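Notes to accompany the following structure.
Number of protein chains: 2
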Amino acid sequence: MKEQASTRGRRPGAPDTRAEILASARSLFAARGFPGTSVRAVAAGAGVDPALVHHYFGTKDDLFVAALELPVDPRERLAGVIALGPDGAGERMLRVFLSVWDDPEVQPGLVALARSLVSDDSASLVRDGFIPVVVGPVLASLVRDRPEVRVPLVASQIIGLVVARYVVALPPMAAMPAEDVVARVGPTLQRYLTGDLP
Amino acid sequence: MKEQASTRGRRPGAPDTRAEILASARSLFAARGFPGTSVRAVAAGAGVDPALVHHYFGTKDDLFVAALELPVDPRERLAGVIALGPDGAGERMLRVFLSVWDDPEVQPGLVALARSLVSDDSASLVRDGFIPVVVGPVLASLVRDRPEVRVPLVASQIIGLVVARYVVALPPMAAMPAEDVVARVGPTLQRYLTGDLP
């Protein structure tokens, strides 16, 4: 019986190990923020070797994206936007963004995530994790200069769009056809990315 | 003793009555939203006559603003912006806005309010109350046309600025001098208010 209990235990089962690493990562990222969390600490929390964390999840950045449980990896989706360069990137980025958020399959999960990220406990995950790890590098490759000025401006308009269209769901913003949002808000993003800014 | 207890009771004391009306209003606005809450129901919840609600707080809109416990009434602050008309209103509005939010005395209360308004329970207070009652009429007097298109666009950029600069406090956005924010984001608001939009 003891033998049997042991083989049914958590350690050897690969799916359980993966889930335990994720649970450890989520709890540590939430408690200590992104900079304060090491792959080593996540591994220790799950009772596994750090090499196994890398094996399952890749880099610490990848682990962070996995821990956020995003339905899509924004870095992958935006790769096509980056490939075409900065001209027109504002509208292209917005089109990709809306295609993900407007999808009724993934929208509820994203809204719940956005709400939790604005909550008190999670602000540092956005500030020190999501923006610099996930969003920053993508945007930095599109801005004309001074990413420290342009990236937060882009982020501010996209965050506001998320809150207005999906979280609070202001009726006229929630019902606005995606192509109208692209045409109306795209130029704002383009100006923040490449326009003349004081 | 009974007499004494009665004169110490809640009903006759004016400050208590005011506080009870406010408490009733807050609880009803939160539970039923702005459109679903009547002055009569607020009065009933506080055990007073509706006329007393009007006496203390004015209209239902005024009662709503009071229930939000805003440190300033945005309608008053923005009166000067409106008086000067739509030209340059984007920058002027933003300057007033930042002067309030950047004030260390009022910022913590506003951040707490913003967080609670993005939370699940309060989204309808923003959607059906704050935007149409407090923000909408002010902005509607500044837009060139189609307020149903322009007001939510303005709201989206301002909400995003609040989240990025104060709630999540992205470092480069939180540290950006107010006049730089005005110069960089003001043209976005101006375009949403009066620019050519598809």
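Residue numbers (the numbering used here), protein chains in the order written: chain A, 55 to 252; chain B, 55 to 252. Think of the CB as a built atom: it goes at the ideal place given N, C-alpha and C, for glycine as much as any other residue. Because the structure is a prediction, the values reported are computed rather than measured.
- request: Below 8 angstroms CB to CB, which residues in the same chain sit around M55 of chain A once its five sequence neighbours on both sides are set aside?
  value: Indexing the first sequence from 1 puts residue 55 of chain A at position 1. Bear in mind that a pLDDT of 38 at M55 of chain A, under 50, signals an unreliable position, so the number given afterwards is only what the model happens to contain. Closer than 8 angstroms at the Cβ level, and outside the excluded window around M55 of chain A, lies no residue.
query: Excluding the five sequence neighbours on either side, which residues of its own chain have a C-beta within less than 7 angstroms of the C-beta of R219 of chain B, listed in chain order?
result: By one-based count along the second sequence, residue 219 of chain B stands at place 165. The beta carbon of R219 of chain B sits closer than 7 angstroms to those of M227 and A228, all from its chain and outside the five residues before and after it, given in chain order.
task: Between the Cα of P162 of chain B and those of B:V216, B:R129 and B:L207, spot the shortest distance and give me the residue it belongs to.
output: By 1-based counting over the second sequence, the position of residue 162 of chain B is 108. Per the Cα distances, B:V216.
message: Going by DSSP in three states, E145 of chain B sits in which element: helix, strand or coil?
response: The residue labelled residue 145 of chain B in the question sits at position 91 within the second sequence. Under the three-state reduction of DSSP, E145 of chain B is assigned to helix.
query: How should T113 of chain B be labelled, buried or exposed, when 16 other C-beta atoms within 10 angstroms of its C-beta is the threshold for buried?
result: As a working mapping, residue 113 of chain B is identified with position 59 in the second sequence. Here T113 of chain B is exposed: its Cβ has fewer than 16 other Cβ atoms, across all protein chains shown, within 10 Å.
- request: Given a cut-off of 9 angstroms, decide if L152 of chain A and V208 of chain A are closer than it, judged by their beta-carbon atoms.
  value: Indexing the first sequence from 1 puts residue 208 of chain A at position 154. Indexing the first sequence from 1 puts residue 152 of chain A at position 98. Cβ atoms of V208 of chain A and L152 of chain A: not closer than 9 angstroms.
query: Under three-state DSSP, which class holds V205 of chain A?
result: Numbered from its first residue, the first sequence carries residue 205 of chain A at position 151. Correct three-state label for V205 of chain A: helix.
query: DSSP three-state call for E130 of chain A: helix, strand or coil?
result: As a position in the first sequence, residue 130 of chain A is number 76, starting the count at 1. Here E130 of chain A sits in helix by DSSP.
- prompt: Of the residues that make up the stretch 220-234 of chain A, which ones have a beta carbon closer than 8 angstroms to any beta carbon in chain B?
  reply: Closer than 8 angstroms at the C-beta level to chain B, one finds these residues of the stretch 220-234 of chain A: V221, V222, A223, L224, P225, P226, M227, M230 and D234.
task: Under 7 angstroms between beta-carbons, which chain A residues line up against E202 of chain B? List them in chain order, please.
output: Your numbering for residue 202 of chain B matches position 148 in the second sequence. Near E202 of chain B (Cβ distances below 7 angstroms), the residues of chain A are P226.
query: Beta carbon of F88 of chain B, beta carbon of F111 of chain B: below 9 angstroms?
result: Position 34 of the second sequence holds residue 88 of chain B. Position 57 of the second sequence holds residue 111 of chain B. No; because the gap between Cβ atoms is not below 9 angstroms, this pair is not in contact.
task: Tell me, please, whether the stretch 188-197 of chain B touches the stretch 127-147 of chain B by the rule of three or more beta-carbon pairs shorter than 8 angstroms.
output: Touching, yes, given that three or more Cβ pairs across the two stretches are closer than 8 angstroms.
query: Distance, Cα to Cα, L171 of chain A vs L122 of chain A?
result: The sequence position of residue 171 of chain A within the first sequence is 117, counting from 1. The sequence position of residue 122 of chain A within the first sequence is 68, counting from 1. Roughly 10 angstroms separates the two Cα atoms.
query: Just curious, the alpha helix (DSSP H) that P89 of chain A is in, first and last residue?
result: Here residue 89 of chain A corresponds to residue number 35 of the first sequence, with the count starting at 1. From DSSP, P89 of chain A is part of no alpha helix (DSSP H); its letter is neither H nor E.
task: Give a yes or no on whether the C-beta atoms belonging to V188 of chain A and L247 of chain A are separated by under 9 angstroms.
output: What you label residue 188 of chain A is simply residue 134 of the first sequence in a count that begins at 1. What you label residue 247 of chain A is simply residue 193 of the first sequence in a count that begins at 1. Cβ atoms of V188 of chain A and L247 of chain A: not closer than 9 angstroms.
query: Taking the alpha carbon of P125 of chain B as the point to measure from, which residue in B:A166, B:P252 and B:V205 has its own alpha carbon closest?
result: Within the second sequence, numbered from 1, the residue matching residue 125 of chain B stands at position 71. Selection B:A166, B:P252 and B:V205 evaluated against P125 of chain B yields B:A166 as nearest (Cα-Cα).
message: Rounding to the nearest angstrom, what Cα-Cα distance links T242 of chain B and S92 of chain A in this structure?
response: Along the second sequence, read from residue 1 onward, the residue named residue 242 of chain B stands at position 188. Along the first sequence, read from residue 1 onward, the residue named residue 92 of chain A stands at position 38. If I take the Cα positions, the gap works out to 40 angstroms.
query: Apart from the five residues just before and just after P140 of chain B, which ones in its own chain have a Cβ nearer than 8 angstroms to its Cβ?
result: Here the question's residue 140 of chain B lines up with position 86 in the second sequence. Apart from sequence neighbours up to five positions away, the residues of its chain that approach P140 of chain B with a beta-carbon distance below 8 angstroms are L196, V197, R198, L247 and T248, ordered along the chain.
Helix, strand or coil at P66 of chain B [DSSP, three-state]: In the second sequence, residue 66 of chain B corresponds to position 12, counting from 1. Note on P66 of chain B: pLDDT 49, under 50, position unreliable in the model; the coordinate value appears next. Three-state DSSP puts P66 of chain B in coil, outside helix and strand.
query: Tell me which same chain residues have a C-beta within less than 7 angstroms of the C-beta of D127 of chain B, skipping the five on either side of it?
result: Working through the second sequence from its first residue, we reach residue 127 of chain B at position 73. Taking C-beta separations shorter than 7 angstroms and ignoring five residues to either side along the sequence, the partners of D127 of chain B in its chain run V119, following chain order.
task: Report the neighbours of V135 of chain A on chain B: residues whose CB is nearer than 7 angstroms to its CB, in chain order.
output: Position 81 of the first sequence, counting from 1, holds the residue named residue 135 of chain A. Result: empty, since nearest Cβ-Cβ is about 19 angstroms, beyond 7 angstroms.
task: For W155 of chain B, collect the residues of the same chain with a Cβ closer than 8 angstroms to its Cβ; drop the 5 residues on either side in sequence, then sort them by chain order.
output: Taking the first residue of the second sequence as position 1, residue 155 of chain B is located at position 101. These residues qualify, in order along the chain: Q161, L164, V216, R219 and Y220.
message: So L207 of chain A contacts chain B; which residues on that side make the cut at Cβ distance below 8 angstroms?
response: Locating residue 207 of chain A in the first sequence gives position 153, counting from the first residue. Under the 8 angstroms cutoff, chain B gives M227, R238 and V239.
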